[in-house]
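The next block holds one structure in the form of structure tokens; read it before the comments.
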Amino acid sequence: MDLSDKYKVEVLGITYNQIESGVYAVILQEVGGTRRIPIVIGYPEAQAIECKLQEIVTPRPLTHDLMLDMMHKFNLHIEEVQIKRSDTGVFYADLKMTDGKNVHNIDSRASDAIAIAIRANADIYVMADVMSQVGFEPEEMRREAENNEVSDLKIKTVSRQRVKRKTIEELTKEMEEAAASENYELAAELKAKIEKRRTKK
222 MDLSDKYKVE VLGITYNQIE SGVYAVILQE VGGTRRIPIV IGYPEAQAIE CKLQEIVTPR
282 PLTHDLMLDM MHKFNLHIEE VQIKRSDTGV FYADLKMTDG KNVHNIDSRA SDAIAIAIRA
342 NADIYVMADV MSQVGFEPEE MRREAENNEV SDLKIKTVSR QRVKRKTIEE LTKEMEEAAA
402 SENYELAAEL KAKIEKRRTK K
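Counting from 1, position 132 in the sequence shown corresponds to residue 353 in the numbering used here; the numbering is continuous, with no gaps.
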């Protein structure tokens with residue numbers, strides 16, 4: 222497959238819909254460009270992706286960590302992930318894996334493929350037809366949001382007032398407790414706030 226048939230992307234972050242509870246999206250951005258693609262995903266997958274982005278250490282391996290460990294045990298390595306879209310508008314992905322001799326294409330949900338790819342440091346690609354159909358420029362989306370043509374998606378953050386009242390030590394303890402209780406989304410938010418505090422010192 223020619224590189225002109227696909228675009229390399231990176232995971233920009235996770236957003237959630239403040240209007241419709243429980244709706245999350247992973248935002249992919251074109252490498253070397255500005256176009257983005259939102260893919261709606263479930264809470265567990267959002268949690269798994271956010272944990273890796275924030276480098277949250279969990280007490281036990283998450284599902285995608287377990288899958289990657291099993292792949293390595295059987296000498297399987299991910300070459301790349303290709304994000305595609307069905308005629309009904311559902312995103313899916315092909316995991317291109319190799320055992321050192323043969324290349325295998327594994328059908329996957331886009332969210333699972335992304336969660337595994339960022340753990341394996343594998344390249345993620347969006348097919349050219351998908352990018353042309355659903356890719357958008359941030360400025361364009363901002364104008365549409367102002368006209369109420371799209372849902373208001375905002376990155377979820379910890380309440381600033383609540384965070385400012387706590388020391389870094391207190392926030393670190395809260396982060397560890399959140400990770401231990403498997404509330405990984407909160408742990409990721411707290412870790413981001415702690416790092417932001419430390420860079421300002």
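We put the CB at the ideal spot given by N, CA and C, even for glycine. Note that the structure is predicted; figures quoted are calculated from it, not measured.
When DSSP labels each residue in this structure, what does residue i get in the three-state scheme?
| i | result |
| --- | --- |
| Ala259 | Sequence inspection shows Pro at residue 259; the Ala mentioned does not correspond to that position. Reduced to three states, the DSSP call for Pro259 is strand. |
| Arg330 | strand |
| Thr319 | strand |
| Glu416 | helix |
| Gln250 | strand |
| Ile220 | Here the chain has residues from 222 to 422 only, and residue 220 is not among them. |
| Val278 | coil |
| Lys227 | strand |
| Val244 | coil |
| Leu283 | coil |
| Lys387 | coil |
| Ile339 | helix |
| Lys421 | coil |
On the criterion of 16 or more Cβ atoms from any shown chain inside 10 Å, does residue i qualify as buried, or is it exposed?
| i | result |
| --- | --- |
| Met396 | buried |
| Thr236 | buried |
| Leu249 | buried |
| Ile389 | exposed |
| Tyr264 | exposed |
| Lys417 | exposed |
| Pro359 | exposed |
| Val252 | exposed |
| Glu410 | buried |
| Arg381 | Low local confidence applies: a pLDDT of 40 at Arg381 is under 50, so the model's placement there is unreliable, and no value is given. |
| Gly300 | Looking at the sequence shown, residue 300 is not Gly but Glu. With fewer than 16 other Cβ atoms within 10 Å, it is exposed. |
| Phe295 | exposed |
| Leu311 | Residue identity check: residue 311 is Val in the sequence provided, not Leu. The residue is exposed, with fewer than 16 neighbouring Cβ atoms inside 10 Å. |
| Lys421 | exposed |
| Arg190 | This structure cannot settle anything about residue 190, because the visible part of the chain is limited to 222 through 422. |
| Ala412 | The residue asked about is misnamed: residue 412 is Lys in this sequence, not Ala. Buried, because 16 or more other Cβ atoms sit within 10 Å of the Cβ of Lys412. |
| Lys227 | buried |
| Glu271 | buried |
| Lys273 | buried |
| Lys414 | buried |
List the DSSP bridge partners of residue i.
| i | result |
| --- | --- |
| Val306 | Residue identity differs from the one stated: residue 306 is Arg in this sequence, not Val. Phe312, per the DSSP bridge assignment. |
| Met396 | In DSSP, Met396 forms no bridge with anything. |
| Asp476 | With the chain running from 222 to 422 in the structure shown, residue 476 is simply not present. |
| Val324 | Thr319 |
| Phe187 | Only positions 222 to 422 of the chain appear in this structure, which leaves residue 187 out of reach. |
Closer than 7 Å: is that where the CB of residue i sits relative to any heavy atom of the ligand PLP?
| i | result |
| --- | --- |
| Glu360 | This structure does not include the ligand PLP; it has no bound ligands of any sort. |
Item checked: Inter-stretch contact (C-beta, 8 Å, three-pair minimum) for the segment 305–323 and the segment 271–280 -> no
Next item on the list: Could you say if the segment 348–363 and the segment 326–338 meet the contact criterion of at least three C-beta pairs nearer than 8 Å?
Entry: no
Note to self: Measuring CB atoms only, is the segment 310–319 touching the segment 224–232, in the sense that at least three cross pairs come out at less than 8 Å?
What the structure shows: no
Next item on the list: Count the CB pairs spanning the segment 337–346 and the segment 286–297 that are closer than 8 Å, and state whether there are at least three.
Entry: yes
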